[in-house]
Structures are given as structure tokens and as C-alpha cells.
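Residue numbers (the working numbering): 9 to 117.
And the structure:
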């Protein structure tokens with residue numbers, strides 16, 4: 009399964025995110041973090057884009073070539089319907105797969 013991915017920075021909303029969208033089902037997986045100075049700038053969350061955020065929802069992740077895999081916490085796995093999300097990433101914007109992986113690493117720190 010190939011998923012469109014992009015990095016987004018929204019100063020007006022006070023956050024940044026890596027957004028993964030399945031064009032076939034419109035399913036969305038986002039990793040977000042408040043910008044510096046925001047109330048949750050010290051922690052990331054995962055969301056469907058329309059769900060409430062789940063802070064610390066990823067136990068582990070890895071990236072190999074163009075495949076991203078996320079091991080989710082129990083609470084996040086209930087939201088996304090699986091304990092592990094694994095998919096091939098196709099950049100939707102100007103970033104490369106490696107640059108998207110760097111954004112994910114930074115957001116999860």
C-alpha cells in the first residue's frame with residue numbers, strides 16, 4: 009500500500025505535522041507537535057486529522073528505503089485499528105522520503 013506523505017508547518021495553528029494519507033480510503037495518520045512556545049511543544053501526538061490527539065501514541069518506529077513502520081501504543085492502536093502501521097511512502101510535496109523521515113524523527117523526540 010502506498011501512502012502520500014507531506015510535511016506541513018502551520019504558524020497560524022501553532023503546529024507542525026507529518027501527514028500520511030491513503031488516497032484510496034482517505035484514511036489519515038498524522039504526527040503533530042506544537043511549535044516552540046505552544047502548550048504541548050514538549051510532546052508529540054498522533055491523530056486521524058479529525059480525532060482527538062493521542063499524546064505519545066508511538067512506541068517505536070523505523071524507516072527502511074521508502075517503507076515507514078510505526079508500532080502504536082494500545083490506545084493509539086484502538087484509534088487506527090492495528091498495533092502496527094506499515095506502508096510505502098510517496099512524497100506529496102518537495103521533500104524526499106529521507107527528509108520526511110528526518111521530520112518524523114524530530115517530531116518524535
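We treat Cβ as the ideally placed atom computed from N, Cα and C, and that holds for glycine.
Would you check whether the ligand PLP has a heavy atom nearer than 7 angstroms to the C-beta of residue i?
i          : result
residue 67 : Ligands are entirely absent from the displayed structure, and the ligand PLP is therefore not among its contents.
Compare the beta carbon distance of residue i and residue j with 8 angstroms and say whether it is the shorter of the two.
i          : j           : result
residue 26 : residue 39  : yes
residue 29 : residue 36  : yes
residue 66 : residue 43  : no
residue 97 : residue 108 : yes
Compute the Euclidean distance between the alpha carbons of residue i and residue j, then round it to the nearest angstrom.
i           : j           : result
residue 49  : residue 32  : 32 angstroms
residue 64  : residue 47  : 15 angstroms
residue 90  : residue 112 : 20 angstroms
residue 68  : residue 59  : 21 angstroms
residue 41  : residue 75  : 22 angstroms
residue 61  : residue 116 : 14 angstroms
residue 100 : residue 16  : 11 angstroms
residue 18  : residue 102 : 16 angstroms
residue 13  : residue 82  : 24 angstroms
residue 95  : residue 77  : 7 angstroms
If you follow the alpha helix (DSSP H) that residue i is in, where does it begin and where does it stop?
i         : result
residue 3 : An answer regarding residue 3 cannot be provided, because it is not within the stretch 9 to 117 covered by the chain.
How far does the beta strand (DSSP E) with residue i in it reach, from first residue to last?
i          : result
residue 13 : 10-18
residue 25 : 23-29
Using 8 angstroms for Cβ pairs, my map puts residue i next to residue j. What's the rounded Cβ distance?
i          : j           : result
residue 84 : residue 105 : That belief does not hold up - the Cβ atoms of residue 84 and residue 105 are roughly 23 angstroms apart, past 8 angstroms.
> Considering only residues of the region 43-100, which uninterrupted alpha helix (DSSP H) runs meet the minimum length of 4 residues and lie entirely inside it, listed in chain order?
Replying inline: Listed in chain order, they are 82-88.
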